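In what follows, a structure is listed as structure tokens, so that the remarks can point back to it.
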């Protein structure tokens with residue numbers, strides 16, 4: 423527990439009032455940015471991508487499933503990850519099922535995409551107890567074209583080579599957790615992509631990639647941000663069935 | 132479903148240039164959010180002097196008991212008052228996204244639970260219907276909600292009830308099997324506590340738009356072409372997950 427000041431209710435109220443102004447300003451700024459996001463130009467997709475899904479091969483246009491907007495999260499799970507998807511992405515994905523039904527009724531189709539072959543995805547999804555649609559881009563250039571996977575040539579860049587050759591402890595642990603070396607592990611990139619379907623054409627409207635925080639952090643970080651201890655430094659993401667006390671570990 | 136927003140079609144290069152400019156602002160917003168989280172932790176802690184009692188699945192408990200062996204407690208004040216037949220639909224959508232967080236928060240020394248003023252049996256029956264695992268306690272018979280400002284009297288609500296009641300409120304009240312007064316007597320909120328040397332301290336309280344971080348799907352809608360697509364003058368689109 424961090425250093426704490428004890429105060430009266432009045433002192434708390436005064437300090438809280440000041441904080442509240444900051445929080446309102448942040449909410450307002452966030453609303454402004456959401457508006458700017460919607461004003462980005464739409465880029466028509468020129469290439470057709472095919473994905474392996476539970477219902478056979480599908481194109482991006484087919485994912486919309488009668489809705490006009492598609493949001494995809496790219497879970498770091500490459501063909502060489504022998505022990506399962508990235509634990510951080512898995513923490514984030516624990517929340518997807520709850521949101522899907524609400525998004526679907528808001529004209530938004532939600533899917534997850536990874537490069538691991540479909541059978542690997544299906545097995546891991548079953549282990550985690552998830553229901554959201556999760557497709558494989560294994561045989562497609564899709565993730566490379568949109569910056570959610572990197573070719574061996576791209577992996578030669580200094581930023582990757584430095585992480586691979588001098589990994590910090592957390593990254594070393596991460597490599598053990600996924601069961602792949604960093605050369606293969608970091609070849610996958612997490613992030614969001616958003617598409618819109620209009621007049622029969624798929625348009626790319628928005629993307630957000632690592633390493634920029636906000637949307638890639640699990641939602642429970644938002645709640646941790648309201649607690650006295652906060653997120654805590656040096657905390658490693660753990661898959662929900664791998665916590666020490668497994669009895670409390672399943673989100674149900 | 133609303134009509135698709137007006138949009139410009141552009142080239143990949145145009146999109147990238149505008150997206151990069153926006154990203155700078157998004158990053159600035161993230162940093163500002165981190166800064167506020169730090170300020171939140173710097174608020175003074177206020178000892179909770181009153182002893183509140185809660186009805187739980189394991190009998191009557193105090194606020195200190197609710198920590199369940201951890202040193203931090205987050206309470207989501209779910210709108211489900213004594214006259215309600217079912218929980219508020221918006222709070223239900225929030226609880227959908229809180230439920231899977233419990234396990235991860237426990238691992239971070241934080242207990243998260245729901246508290247409402249309806250009798251425990253009614254809360255538990257609704258919890259079963261929704262398929263949630265999160266703990267839910269009843270603060271019926273305690274001033275807990277009232278002291279935090281999440282319970283309002285008819286007297287206080289008079290000006291609101293005499294004005295034009297927003298369609299969202301009428302709709303949600305109907306969905307909860309109560310009237311506007313019954314519905315808005317309850318307020319949603321999040322209150323946060325720390326347990327240190329046997330004393331419970333209140334560290335943070337928020338309500339209204341301060342609860343949006345708990346509405347995980349809003350963050351995603353904010354990235355779509357249509358956005359949240361809602362207005363105060365129209366009925367809400369939010370339903371309980373088994374009622375769409």
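Chains as they are written, first to last, in the working numbering: chain S, 423 to 674; chain L, 132 to 375. Note that beta-carbon positions come from the ideal geometry of N, C-alpha and C, so glycine has one too. Note that this is a predicted model, so its numbers are computed, not measured.
*Would you please verify whether the beta carbon of residue 146 of chain L is less than 7 Å from any beta carbon of chain S?*
The residue labelled residue 146 of chain L in the question sits at position 15 within the second chain. Chain S, which has a Cβ nearer than 7 Å to the Cβ of residue 146 of chain L, makes this yes.
*What did DSSP end up calling residue 140 of chain L once you bin it into helix, strand or coil?*
Within the second chain, residue 140 of chain L is the residue found at index 9, counting from 1. Strand at residue 140 of chain L.
_So with CB distances below 7 Å, who are the chain S contacts of residue 368 of chain L?_
As a working note, residue 368 of chain L is residue 237 in the second chain. Here the neighbours are 527, 528.
*Counting contacts by CB-CB distance shorter than 7 Å, is residue 552 of chain S in contact with chain L?*
Working through the first chain from its first residue, we reach residue 552 of chain S at position 130. Not one chain L Cβ lies under 7 Å of residue 552 of chain S.
*Just the C-alpha distance for residue 670 of chain S and residue 465 of chain S, rounded to the nearest angstrom, thanks.*
Start at 1 with the first residue of the first chain, and residue 670 of chain S comes out as number 248. Start at 1 with the first residue of the first chain, and residue 465 of chain S comes out as number 43. Unreliable placement is indicated for residue 670 of chain S, whose pLDDT of 44 sits below 50; the coordinate value is still reported in the next sentence. Answer to the nearest angstrom: the Cα atoms are 45 Å apart.
*Can residue 195 of chain L and residue 331 of chain L be called in contact, C-beta distance under 7 Å?*
Translated into positions along the second chain, residue 195 of chain L becomes position 64. Translated into positions along the second chain, residue 331 of chain L becomes position 200. Cβ distance < 7 Å, so residue 195 of chain L and residue 331 of chain L count as in contact.
*Tell me whether residue 432 of chain S is buried or exposed, calling it buried when 16 or more other Cβ atoms sit within 10 Å of its Cβ.*
Here residue 432 of chain S refers to the residue found at position 10 of the first chain. That one is exposed.
_Using a Cβ-Cβ distance cut-off of 7 Å, determine whether residue 132 of chain L contacts chain S._
Locating residue 132 of chain L in the second chain gives position 1, counting from the first residue. With a pLDDT of only 44 at residue 132 of chain L, under the threshold of 50, the placement of this residue in the model should not be trusted; the figure read from the coordinates follows. Yes - at least one Cβ of chain S is within 7 Å of the one on residue 132 of chain L.
*Spell out the partners DSSP gives residue 244 of chain L in its beta bridges.*
Working through the second chain from its first residue, we reach residue 244 of chain L at position 113. Answer by DSSP bridge pairing, in chain order: L:206.
_Here's the rule I'm using: 16 or more other beta-carbon atoms within 10 Å means buried, otherwise exposed. How should residue 555 of chain S be labelled?_
In the first chain, counting from the first residue as 1, residue 555 of chain S sits at position 133. Looking at its Cβ environment, which holds 16 or more other Cβ atoms inside 10 Å, residue 555 of chain S is buried.
*Any C-beta of chain S sitting closer than 7 Å to the C-beta of residue 207 of chain L?*
Taking the first residue of the second chain as 1, we reach residue 207 of chain L at position 76. No, its Cβ sits nowhere closer than 7 Å to a Cβ of chain S.
_Proximity of residue 198 of chain L and residue 326 of chain L at Cβ, strictly below 7 Å_ = Along the second chain, one-based indexing puts residue 198 of chain L at 67. Along the second chain, one-based indexing puts residue 326 of chain L at 195. For residue 198 of chain L and residue 326 of chain L, yes; Cβs fall inside 7 Å.
_Assigned secondary structure, residue 376 of chain L (DSSP; H/G/I helix, E/B strand, else coil)_ = Nothing can be reported for residue 376 of chain L: it is not among the residues displayed for chain L, which extend from 132 to 375.
*If you drop the 5 nearest sequence neighbours on each side, which residues of the same chain put their C-beta closer than 8 Å to that of residue 373 of chain L?*
Counting from one through the second chain, the residue named residue 373 of chain L turns up at place 242. Taken in chain order, the residues that qualify are 260, 261.
*Mind checking if residue 238 of chain L is an interface residue toward chain S, Cβ cutoff 7 Å exclusive?*
By one-based count along the second chain, residue 238 of chain L stands at place 107. Chain S, which has a Cβ nearer than 7 Å to the Cβ of residue 238 of chain L, makes this yes.
_Just verifying my parser: in three-state terms, what is the DSSP assignment at residue 176 of chain L?_
Position 45 of the second chain, counted from the first residue, corresponds to residue 176 of chain L. Note: residue 176 of chain L maps to strand in three-state DSSP.
*Indicate whether at least one CB of chain L lies closer than 7 Å to the CB of residue 641 of chain S.*
Here the question's residue 641 of chain S lines up with position 219 in the first chain. At least one chain L Cβ lies under 7 Å of residue 641 of chain S.
*State the beta-bridge partners of residue 192 of chain L as determined by DSSP.*
Counted from its first residue, the second chain places residue 192 of chain L at position 61. According to DSSP, which records beta bridges pairwise, residue 192 of chain L is partnered with L:185.
*Between residue 556 of chain S and chain L, is there a C-beta pair that is closer than 7 Å?*
Locating residue 556 of chain S in the first chain gives position 134, where the first residue counts as 1. Closer than 7 Å: no.
*Whole-Å CB distance - residue 502 of chain S paired with residue 599 of chain S, under 8 Å assumed*: Here residue 502 of chain S is taken as the residue at index 80 of the first chain, counted from 1. Here residue 599 of chain S is taken as the residue at index 177 of the first chain, counted from 1. 14 Å between Cβ atoms; not a contact.
_Against chain S, which members of the segment 340 to 354 of chain L pass a CB distance test of less than 8 Å?_
340, 341, 343, 344, 345, 347, 348, 350, 351, 352, 353, 354
*Would DSSP call residue 480 of chain S helix, strand or coil?*
Residue mapping note: residue 480 of chain S aligns to position 58 of the first chain, counting from 1. Three-state DSSP puts residue 480 of chain S in a strand.
*First and last residue of the alpha helix (DSSP H) that includes residue 225 of chain L?*
For the purposes of this step, residue 225 of chain L is taken as residue 94 along the second chain, with counting starting at 1. Note, residue 225 of chain L: alpha helix (DSSP H), 220 to 229.
_For the pair the segment 548 to 562 of chain S and the segment 506 to 521 of chain S, tell me if three or more CB-CB distances fall below 8 Å._
yes
*Report back the beta-carbon spacing between residue 120 of chain L and residue 437 of chain S to the nearest angstrom; my notes put them in contact at under 8 Å.*
Because residue 120 of chain L is not part of the residues shown, which for chain L are 132 to 375, the question remains open.
*Using a Cβ-Cβ distance under 7 Å, would residue 225 of chain L count as near chain S?*
As a position in the second chain, residue 225 of chain L is number 94, starting the count at 1. Not closer than 7 Å to any Cβ of chain S, the Cβ of residue 225 of chain L fails to qualify, so no.
*Could you name the residues of chain L that residue 596 of chain S contacts, counting a contact when the two beta carbons are closer than 7 Å?*
Locating residue 596 of chain S in the first chain gives position 174, counting from the first residue. Residues of chain L passing the Cβ test: none, with the nearest at roughly 17 Å.
_Against chain B, with Cβ distances strictly below 7 Å, would residue 326 of chain L count as a contact?_
You won't find chain B in this structure, because its protein chains are S and L.
*CB of residue 411 of chain S within 7 Å of CB of residue 498 of chain S, strictly*: Outside the shown range of chain S, which is 423 to 674, sits residue 411 of chain S, and nothing can be said about it.
_chain L contact residues for residue 493 of chain S, given Cβ-Cβ distances below 8 Å_ = The residue you call residue 493 of chain S lines up with position 71 of the first chain. Simply 351, 354, 355.
*Indicate whether at least one CB of chain L lies closer than 7 Å to the CB of residue 535 of chain S.*
Here residue 535 of chain S refers to the residue found at position 113 when the first chain is read from its first residue. Closer than 7 Å: no.
*For residue 133 of chain L, which three-state DSSP category applies?*
By 1-based counting over the second chain, the position of residue 133 of chain L is 2. Bear in mind that the predicted position of residue 133 of chain L carries a pLDDT of just 49, short of 50, making it unreliable; the figure below should be weighed with that in mind. Here residue 133 of chain L sits in coil by DSSP.
*Using only alpha-carbon positions, find the residue among L:161, L:158, L:347, L:370 that is nearest to residue 232 of chain L.*
The residue given as residue 232 of chain L occupies position 101 in the second chain. Out of L:161, L:158, L:347, L:370, L:347 has the C-alpha closest to the C-alpha of residue 232 of chain L.
*What did DSSP end up calling residue 462 of chain S once you bin it into helix, strand or coil?*
On the first chain, residue 462 of chain S is found 40 positions in, with the first residue counted as 1. Three-state DSSP puts residue 462 of chain S in coil, outside helix and strand.
*What in chain S is Cβ-close to residue 217 of chain L, meaning under 8 Å?*
Indexing the second chain from 1 puts residue 217 of chain L at position 86. Simply none; closest approach about 17 Å.
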